[in-house]
Structures are given as structure tokens and as C-alpha cells.
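Here's the structure we're looking at; comments come further down.
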Amino acid sequence: MYHPPTKILIVDDEPNLRKLMRTALYNGLRQIHEAANGSDALRLANEVNPDILLLDIGLPGALDGLALCEALVADGMHRRLQVVIVSGSDAPQDLARAESLDVRVFLRKPFSPIKLAALVAQMESGINRMLVIPPANSKKELIGFDDLFDWSRAV
């Protein structure tokens, strides 16, 4: 049975971080697109209609990450878009705003590329609630995600 490739849009102003995410996610079966700011990301999202959006909150220019997310949600064209916020901040107001926008995952920087790849694989299968993933150097456990995924098989 044919399954179209998952289209992923990575939006971060840091080129090395985009490269890390692209490298972690590339498997030959996914189409990976990149943008460095909100305006370029909005244009690209309308062109490629991604399935998954990996989005930094702190973007340069007129559209920060959450404003971009709001624009995509308001558009109506991107109803099936699954959004992952990738951020160094977990300010309560950002978490609340992200949840109100139906963001699927809030991934804190720094993050494990292995866990990012496993997360995207799980998203391709479906996630039905918001997950908050602390930074990789945190002693906290993943909130809600370990119940969905067996990490011992991911490594």
C-alpha cells in the first residue's frame, strides 16, 4: 500500500539547529523543508502543505513562532498540521498560548536528536494530546510521552 511521504517544515533562525533536525529526521521517506523566519515559513507552508511543523518561538521578523502558528490555524488550510514547538523557553504564557493553538508537542531545547526522530515517528502514527518535553539535560522525566512510546526500542 502506498503512503505519501510525510512533509516536514523546520522553522528556526539557527542554521546549525535546522541542520541537526534535518539530519535526525531524514530517512529517505520524508520531504523536509526549512525556513529561517516566520514570513518565509508562512509562504513555504502554503506551497508544500506540511504534515508536521517544527517551530521555534523566537523567530526574527514580523512573525514569531506563535504568531506564525496563529496565522496557519486561522488560514483553515492547515487543519491537519501537527505542530511541535521547539524552544528554550517554557514560560507558562507560551505553554498556554501553544495549547490554545492545538500544538501537539512543546519540546524544550536542548533536545535529544534521537528522541526528536522517535517523536516524529510517533506523530506519523498519531498523538492526541499535548506533550511537554523538558530539555535533554533535565533530570525531569518526559511528561506524558513515555506512556506512548517505548524508548528502549528507539536506540
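Just so we're aligned, residue 9 is where the sequence shown starts under my numbering, counting upward by one.
The beta carbon of each residue, even a glycine, is placed where N, CA and C say it ideally should be.
What does DSSP give as the partner residue(s) for residue i in the beta ladder?
i, result
"residue 117", "For residue 117, which the question treats as bridged, DSSP gives no partner whatsoever."
"residue 14", "38"
"residue 91", "61"
"residue 122", "The partner list for residue 122 (beta bridge, DSSP) is empty, contrary to what the question assumes."
For residue i, collect the residues of the same chain with a Cβ closer than 8 Å to its Cβ; drop the 5 residues on either side in sequence, then sort them by chain order.
i, result
"residue 109", "74, 77, 78, 81 and 91"
"residue 54", "83 and 85"
"residue 98", "114, 116, 140 and 142"
"residue 119", "94, 141, 143 and 144"
"residue 41", "15, 16, 17, 18, 52, 56 and 58"
Consult DSSP for residue i and reduce its assignment to one of helix, strand or coil.
i, result
"residue 37", "coil"
"residue 19", "strand"
"residue 43", "strand"
"residue 129", "helix"
Given residue i, which residues of its chain have a CB within under 6 Å of its CB, disregarding the five upstream and five downstream residues?
i, result
"residue 94", "62, 64 and 115"
"residue 161", "Per-residue confidence for residue 161 stands at a pLDDT of 47, beneath the threshold of 50, marking its modelled position as unreliable; the derived number appears in the next sentence. Closer than 6 Å at Cβ, skipping near neighbours: no residue."
"residue 44", "21"
When the distance is taken between beta carbons, is residue j closer than 8 Å to residue i?
i, j, result
"residue 13", "residue 52", "no"
"residue 113", "residue 67", "no"
"residue 89", "residue 58", "yes"
From the beta carbon of residue i, is the nearest beta carbon of chain D less than 8 Å away?
i, result
"residue 132", "No chain D is part of this structure, which consists of one protein chain only."
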